[in-house]
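Residue numbers (numbering that gives the first Met the number 0), protein chains in the order written: chain H, 0 to 94; chain P, 0 to 462.
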Amino acid sequence: MRQPWLQTQAESGTDDFSPRSATRPAGRAALVVGLALLVFAALRSAALVDAAYGLPLAPGTEALISAAEGWDTAMAALGLPAVAEALAGILSTGR
Amino acid sequence: MLFPTGLFAIFFAAVFAGHWLAVRHAPRLVLPLLLLASLVFYAAFSVEFCVALVAVGLWAWGFGLVAAGGRKRGTLALGIGGVLAWLGWFKYAGFLLREASPLGAALGLPPLPAPEILLPVGISFYTFQAISYMVDVHRGEARAEASPLKVLVYLTFFPHLAAGPIVRAAHFLPQLHTLPDRARVPVVMAGLLILGGLAKKMVMANELATGLVDPVFRDPLAHGPLDILLACYGYTIQIWCDFSGYSDMAIGLAALLGYHFPRNFNQPFRALTLSEFWRRWHISLSTWLRDYLYKPLGGSRGSEARTRRNLLLTMLLGGIWHGAAWTFVLWGALHGAALVAERALGLRAAATGRLGRLLRWAVTFHIVVAAFVLFRAPDLATIGALAEGLAQGAPDSLWTPRLLAIAALGLALHFAPPDLRQRAEAVLRPLPAPVLGLVFGLAMAAIILAAPAGVAPFIYFQF
């Protein structure tokens, strides 16, 4: 039995998946997930630094903080935080 | 570790990669890896409770082995009783001792201890799943697992661990007996579910909570009648966005790993009757209560009076399941009474005519809203204060065009055509993987940027 919910049509309204659901091989799916997270991390690089500082002290935490700070500096050089800030300003209109 | 955080995103990326690599290169490691990931996820909340979670899993597995195939009913009862005692201690011991204190004092007894008991995240969900395993195995609907590994993965699987959906053993365990197909990952639908859930939770639920509902329920008398009314309706939209958003994300995350959870919400506010509402709202709980409580009580097999008693009892226990507070008891009692009234008045039959349907919808919706006010109120005094605030007429200060727009957007999303997600999937289906990744990443960032600062816990985390 391999993902039978992608092979049989469920009663209407009872399931999100059906034989019509588009599927991709795991490698392609990994590309989609990886790129989505990369774009997200690029636009939220400052939040990543905050998250890294919030991690419990453990081996590797320092390295993670350094990596997050390096990533944030690189994204700032590209001007992405300013883009994100402008977008956030538009999206929070009226708050 | 909450779903809408950067930490969870990193965690999930690692689990996703490790899982599919294991499916391809080391199939024997698939389940141990999923168990490890789930325990790491849970340990982020509490390491001690993580050990307890494993103990509940081993308990269910052991009793499942003994009570399999209809044998030893007494043993099954003991297994269920043990799990319920575990749940009862954490959820109800403090409440019962507190409530019994005045009675004890009146009888001249020494004061009872009032322990501050920390509630383990997801305890109501995983205990119900443990019961589902033991009962399904006893009924012969699920196989008794010889090794505890699959039972532990079933119980701890991180997408549903903290707040459901309550996945049945008979539904999920068979999925663990074969490897998911590497060639068939429904990434578009899963992505849409995750993004939709994220938007519902982060933008709509959080904004309604922080901007309107929380301030009003914290101090009703400080707010005007319009604010109070809007907060009552707003909470109904908030809880739908919050909980169905969580469920959508859980379903999408599980689907990305090749596993299936059934749908948990199906446009509940379209319901024309309360019984229809319960076929659309928190479906995994309502069907659990139906199959493991209502039917064993006799369901609708006996006299009409017995059926009504069973309905009332089931809804009352459903209310208590949510928490140890009189407000939850009243919430369950109101739903139970409304369901009984519906039966008594013959309202379960289809309404005829447009006006009849509209009237039925309005009555059902407002019973649901009123019940959610009970559900949200921290205590009975707050409900009195809300009523008083409606009459007092303090100035309204909370509602803004943005909040109204957010509420309208939440309702629009709820009442959208049922196949909206499938239509969106049809649009995204032809996109190449890199473009799809870019679209999903931009959408995710836009949702987070539109949300109020911080991540409020999901409402159902407290249960």
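Note that the Cβ used here is the ideal one computed from N, Cα and C, for glycine as well.
Backbone secondary structure at residue i - three-state DSSP
i      : result
P:R183 : coil
P:R278 : helix
H:R23  : strand
H:M0   : With a pLDDT of only 43 at H:M0, under the threshold of 50, the placement of this residue in the model should not be trusted; the figure read from the coordinates follows. DSSP places H:M0 in coil when its eight states are reduced to three.
P:Y258 : coil
P:H176 : helix
P:L354 : helix
P:D418 : coil
P:F7   : helix
P:C231 : helix
P:I366 : helix
P:F62  : helix
P:Q461 : helix
H:R94  : coil
P:N205 : helix
P:R142 : coil
P:N147 : According to the sequence shown, residue 147 of chain P is Pro rather than Asn. Helix.
P:P295 : coil
P:A323 : coil
P:G345 : coil
P:I116 : coil
P:A340 : helix
P:H170 : helix
P:F334 : Reading off the sequence, residue 334 of chain P comes out as His, not Phe. Correct three-state label for P:H334: helix.
P:P431 : coil
Proximity of residue i and residue j at Cβ, strictly below 8 Å
i      : j      : result
P:L315 : P:V339 : no
P:G196 : P:G251 : yes
P:V186 : H:R23  : yes
P:L28  : P:L175 : no
P:W60  : P:P147 : yes
P:G436 : H:L77  : no
P:V212 : P:A230 : yes
H:V38  : P:A380 : no
H:V32  : P:A12  : yes
P:W239 : P:P214 : no
P:T209 : P:P451 : yes
P:L255 : P:R420 : no
P:H473 : P:A67  : This structure cannot speak to residue 473 of chain P, because chain P is shown only from 0 to 462.
P:L288 : P:N309 : no
P:G298 : P:G317 : no
Selected residue, minimal CA-CA separation from residue i, among the options
i      : options                        : result
P:V39  : P:F268, P:L288, P:A161, P:D241 : P:A161
P:Y258 : P:W19, P:L1, P:F2              : P:W19
P:D226 : P:G392, P:G453, P:V46          : P:G392
P:A432 : H:D15, H:I89, H:G26, H:S20     : H:G26
P:F7   : H:A41, H:P18, H:L30, H:A51     : H:A51
H:A41  : P:L441, P:V362, P:A455         : P:L441
P:T363 : P:P119, P:T235, P:G56, P:R72   : P:T235
P:E144 : P:L333, P:M0, P:A169, P:R217   : P:A169
P:G453 : P:P101, P:D395, P:E206         : P:E206
P:V464 : P:E424, P:V55, P:Q461, P:R217  : Nothing in the structure corresponds to residue 464 of chain P, since chain P is present only between 0 and 462.
P:L228 : P:A51, P:A386, P:P456, P:A21   : P:A386
P:M248 : P:K149, P:P119, P:K200, P:H281 : P:K200
H:A21  : P:I447, P:R375, P:A423, P:F460 : P:A423
P:W88  : P:A204, P:R167, P:D290, P:S123 : P:S123
P:K473 : P:D241, P:G73, P:I9, P:A323    : Beyond the ends of chain P as shown, which are 0 and 462, falls residue 473 of chain P; an answer cannot be given.
P:T126 : P:H159, P:A105, P:S100         : P:H159
P:F457 : P:G5, P:A404, P:Y245           : P:Y245
P:P416 : P:R359, P:V434, P:R342, P:R269 : P:R269
H:L30  : P:L75, P:F15, P:P26, P:A404    : P:F15
H:R19  : P:I446, P:A455, P:A425, P:I447 : P:A425
P:L75  : P:G139, P:A204, P:A406, P:S283 : P:G139
P:A304 : P:Y291, P:A336, P:F327, P:R278 : P:A336
Chain C residues whose Cβ lies nearer than 8 Å to that of residue i
i     : result
H:G93 : No chain C appears in the structure shown, which is made up of the protein chains H and P.
*asked:* Between the region 65 to 82 of chain H and the region 130 to 143 of chain P, can you find at least three pairs of beta-carbon atoms closer than 8 Å?
replied: no
*Give a yes or no on contact between the region 410 to 417 of chain P and the region 382 to 401 of chain P, applying the rule of three or more CB pairs nearer than 8 Å.*
no
*asked:* Taking 8 Å as the cut-off, does the region 26 to 34 of chain P touch the region 106 to 118 of chain P (at least 3 CB pairs, one atom from each stretch)?
replied: no
*Three or more C-beta pairs closer than 8 Å, one from the region 145 to 157 of chain P and one from the region 83 to 91 of chain P: is that the case here?*
no
*Should the region 259 to 269 of chain P be regarded as contacting the region 207 to 225 of chain P, the criterion being three or more beta carbon pairs within less than 8 Å?*
no
*Return the chain-ordered ranges of every alpha helix (DSSP H) run that is complete within the region 55 to 89 of chain H and spans a minimum of 4 residues.*
Taking only runs of at least 4 residues, the alpha helix (DSSP H) segments lying wholly in the region 55 to 89 of chain H are 60 to 77.
*Evaluate contact between the region 351 to 369 of chain P and the region 266 to 286 of chain P, counting only Cβ atoms and requiring at least three cross-stretch pairs below 8 Å.*
Because the criterion of three Cβ pairs below 8 Å is met, the region 351 to 369 of chain P and the region 266 to 286 of chain P touch.
*asked:* My parser needs the alpha helix (DSSP H) runs of 4 or more residues fully inside the region 50 to 108 of chain P; what are they?
replied: Fully enclosed alpha helix (DSSP H) runs of 4 or longer: 72 to 105.
*Which full runs of the beta strand (DSSP E) of 3+ residues lie inside the region 365 to 417 of chain P, going along the chain?*
none
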